[in-house]
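Participant: Residue numbers (our numbering): 34 to 324.
Cβ coordinates follow ideal geometry from the N, Cα and C atoms, glycine included.
Below is one structure. I have some questions about it.
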Amino acid sequence: MTIMPIVVTGATGQLGRLTVEALLRRGIPAADIIATGRDIARIKDLADRGITVRRADFADTDGLAEAFAGADRLLLISASVPVGERVANHRRVIDAAASAGVSLVAYTSTTHADTATTVIGATHSETEEYLLDRGIPSVLLRNGWYLENYTSQLPQILQNGAVVGAAGEGRISAASRADYAEAAAVVLTAEGHTGAVYELGGDESFTLTELAAAISAAARKQVTYADLPVPDFAQVLAAAGLPAELAEVLADADRGMNRGEMYTDSGDLRRLIGRPPVTLAEALAGAALHY
C-alpha cells in the first residue's frame, strides 16, 4: 500500500507528538508526515528531522486549507479549546480535509460518545455526526481517559493523602497516551479500518478507590479516595487554580465515570496495538521518580 502524506493535527501537544513518533516507528518516511499546530516553534525539532511542519489554527479556515494541501490521510485530535468552541473548530477541520480530498479522517473521540451524557461527550458526538454527514471515509478512535491524568497528579495526591473526585465506584478503563497514539498510527497506516468505531481503553479497569489503593501500594504511603458531590468537586478544582469552566467540565466527566461512560471491555486497544496496553501498576511504577 502506498500512502501519501499523513497529517497529524495538534502535533504540538502530547498525543500528537507521540503519534508522529509512532508513525516513524511504523516505517512512514519523515517526508510523508505533515505535523501541524498553532505554534510551530514548538515542533521545530520535527522539521529538523525531515518532517513537514505547517501552522494550522482550527479557527483559521484559509490556514487549514494550506496546511492540509496534498494530504492523503488526516488525524483530527480533538481541540483543547473551551468547550463551546470545540465543535465549530472540528467542523472547520473536517471541511478543510474534505476540500483537500483526503481519503481518510481518523478522529480522537471519547468512549461511548454516541450515548455519553457529559458535556465533553456531547462535543464528540456532534463532531462524529458531522464527520459522518460529510461522507468522508473515517475511523472513530473513542479514546478513554489517560493514565497520565492521574500520574501527573501524584505529587498533590501524595501531599494530601487523598485522591479527590466525584466518580463514585464507576470503573475507568484508562490507558497511556503512547498506547492511544500507537493505535492512531495503526489505523492511519493500514487498510481495513475505514468505517470502524473503536472503543479504546486499558484491559484492566479501576475505580478511584482502587486507584488510591494502587498509589498507596506503589508509594508506600496511605492514600484514600474522597468522593464528593459533583458541584463540590468542581469547587475543589477551581480552588486549586483551574478556570471555573474547565473545573465544571472535569467534574462533569467524573459524573460520567460514575455512570460507566469511561469503561469499556471491548479489547479494541489491545487488538490494534498488538499487545496488552500499559496498566495502572506499570504507569505508577514508571512515575515513581516523581513521587
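(1) So what does DSSP say about GLY70, is it helix, strand or coil?
(2) Could you pull out every residue in the same chain whose Cβ sits closer than 7 angstroms to the Cβ of VAL120, ignoring the five residues on either side in sequence?
(3) Grab the span of the alpha helix (DSSP H) containing LEU48 for me, first residue to last.
(4) For GLU232, which of TYR213, GLY198, ARG106, ALA252 has the nearest alpha-carbon?
(5) Between the C-alpha atoms of VAL263 and ASN176, what's the straight-line distance to the nearest angstrom?
(6) Quick one: is ASN122 buried, meaning 16 or more other Cβ sit within 10 Å of its Cβ, or exposed?
(7) Could you check what DSSP says for LEU187 in three-state terms: helix, strand or coil?
(8) Assess contact between the segment 188-208 and the segment 292-304, defined as three or more Cβ pairs (one per stretch) separated by less than 8 angstroms. Is contact present?
(9) Please give me, in chain order, every unbroken run of the alpha helix (DSSP H) with length at least 4 that falls completely inside the segment 77-119.
(10) Taking the alpha-carbon positions, what's the ILE66 to SER249 distance?
(11) If you check the beta carbons only, do ALA68 and ALA104 fall under 9 angstroms apart?
(12) Going by the beta-carbon positions, is the gap between THR52 and ILE127 smaller than 9 angstroms?
(13) State the start and end residues of the unbroken alpha helix (DSSP H) segment that holds GLY319.
(14) Can you list, in chain order, the residues of its chain with a C-beta nearer than 8 angstroms to that of PHE239? Leave out the 5 residues immediately preceding and following it.
(15) Could you give the distance in angstroms between the alpha-carbon of ALA273 and the alpha-carbon of ALA259?
(16) Identify the residues that DSSP records as bridge partners of PHE239: which are they?
(17) Are LEU180 and ALA316 close, meaning C-beta to C-beta below 9 angstroms?
(18) What number of angstroms, rounded off, separates the C-alpha of ALA44 from the C-alpha of ARG50?
(19) Nearest by alpha-carbon distance to GLY307: which of ARG59, VAL41, VAL152, LEU283 is it?
(20) Mind checking whether ALA199 and ASP265 have CB atoms under 9 angstroms apart?
(21) Which residues in the same chain have their Cβ closer than 7 angstroms to the Cβ of SER136, if we skip the five residues on either side of it in sequence?
(22) Could you give the distance in angstroms between the alpha-carbon of ALA267 and the alpha-carbon of GLY225?
(23) Cutting at 7 angstroms between CB atoms, please list the residues of its own chain near VAL138, excluding the five before and the five after it.
(24) What residue from MET37, VAL40, GLY46 has the CA that sits closest to ALA211's CA?
(25) Which class does ASP260 belong to by DSSP, given the choice of helix, strand or coil?
(26) Near LEU56, what residues of its chain come up, given a Cβ to Cβ distance below 6 angstroms and the 5 sequence neighbours on each side ignored?
(27) Alpha carbon to alpha carbon, how far is ILE84 from ALA318? Give it in angstroms, no decimals.
Facilitator: Put simply:
(1) Here the question's residue 70 lines up with position 37 in the sequence shown. It is a strand residue.
(2) Start at 1 with the first residue of the sequence shown, and residue 120 comes out as number 87. THR156, GLU159, THR160, listed in sequence order.
(3) For the purposes of this step, residue 48 is taken as residue 15 along the sequence shown, with counting starting at 1. Run containing LEU48: 47-58, per the alpha helix (DSSP H) assignment.
(4) Here residue 232 refers to the residue found at position 199 when the sequence shown is read from its first residue. Among TYR213, GLY198, ARG106, ALA252, the Cα nearest to that of GLU232 is on TYR213.
(5) Taking the sequence shown and counting its residues from 1, the one referred to as residue 263 is at position 230. Taking the sequence shown and counting its residues from 1, the one referred to as residue 176 is at position 143. If I take the Cα positions, the gap works out to 23 angstroms.
(6) One-based indexing of the sequence shown puts residue 122 at position 89. The residue in question, ASN122, is buried, as its Cβ has 16 or more Cβ neighbours within 10 Å.
(7) By one-based count along the sequence shown, residue 187 stands at place 154. The DSSP-derived three-state label of LEU187 is helix.
(8) yes
(9) 77-81, 94-101
(10) On the sequence shown, residue 66 is found 33 positions in, with the first residue counted as 1. On the sequence shown, residue 249 is found 216 positions in, with the first residue counted as 1. Approximately 42 angstroms between the Cα atoms of the pair.
(11) By one-based count along the sequence shown, residue 68 stands at place 35. By one-based count along the sequence shown, residue 104 stands at place 71. No, they are not a contact pair.
(12) Here residue 52 refers to the residue found at position 19 of the sequence shown. Here residue 127 refers to the residue found at position 94 of the sequence shown. The answer is no: Cβ separation not under 9 angstroms.
(13) Here residue 319 refers to the residue found at position 286 when the sequence shown is read from its first residue. Note, GLY319: alpha helix (DSSP H), 313-319.
(14) Along the sequence shown, read from residue 1 onward, the residue named residue 239 stands at position 206. The residues are ARG204, ILE205, ALA207, ALA247, LEU313.
(15) Taking the sequence shown and counting its residues from 1, one reaches residue 273 at position 240. Taking the sequence shown and counting its residues from 1, one reaches residue 259 at position 226. Going from the Cα of ALA273 to the Cα of ALA259 covers about 16 angstroms.
(16) For the purposes of this step, residue 239 is identified with residue 206 of the sequence shown, where counting begins at 1. The secondary-structure analysis by DSSP pairs PHE239 across a beta bridge with ILE205.
(17) In the sequence shown, residue 180 corresponds to position 147, counting from 1. In the sequence shown, residue 316 corresponds to position 283, counting from 1. Cβ distance < 9 angstroms, so LEU180 and ALA316 count as in contact.
(18) Here residue 44 refers to the residue found at position 11 of the sequence shown. Here residue 50 refers to the residue found at position 17 of the sequence shown. Between ALA44 and ARG50, the C-alpha separation is close to 5 angstroms.
(19) Locating residue 307 in the sequence shown gives position 274, counting from the first residue. Out of ARG59, VAL41, VAL152, LEU283, ARG59 has the C-alpha closest to the C-alpha of GLY307.
(20) Within the sequence shown, the letter at position 166 stands for residue 199. Within the sequence shown, the letter at position 232 stands for residue 265. Against a cut-off of 9 angstroms, the Cβ pair of ASP265 and ALA199 comes out as a contact.
(21) As a working mapping, residue 136 is identified with position 103 in the sequence shown. Taking SER136 as the centre and dropping the five residues before and after it, the same chain places the C-beta of ASP105, ARG106, PRO170 closer than 7 angstroms to its C-beta, in chain order.
(22) Taking the first residue of the sequence shown as 1, we reach residue 267 at position 234. Taking the first residue of the sequence shown as 1, we reach residue 225 at position 192. If I take the Cα positions, the gap works out to 42 angstroms.
(23) On the sequence shown, position 105 is the one that residue 138 refers to. Same-chain partners within the cutoff: LEU107, LEU109, ILE127, ALA130, LEU164, ILE169, SER171.
(24) Position 178 of the sequence shown, counted from the start, is the residue given in the question as residue 211. It is GLY46 whose Cα lies nearest to the Cα of ALA211.
(25) By one-based count along the sequence shown, residue 260 stands at place 227. In the structure shown, ASP260 sits in a strand (DSSP, three-state: E or B).
(26) Locating residue 56 in the sequence shown gives position 23, counting from the first residue. Closer than 6 angstroms at the Cβ level, and outside the excluded window around LEU56, lie ILE66, ALA218.
(27) Taking the first residue of the sequence shown as position 1, residue 318 is located at position 285. Taking the first residue of the sequence shown as position 1, residue 84 is located at position 51. If I take the Cα positions, the gap works out to 33 angstroms.
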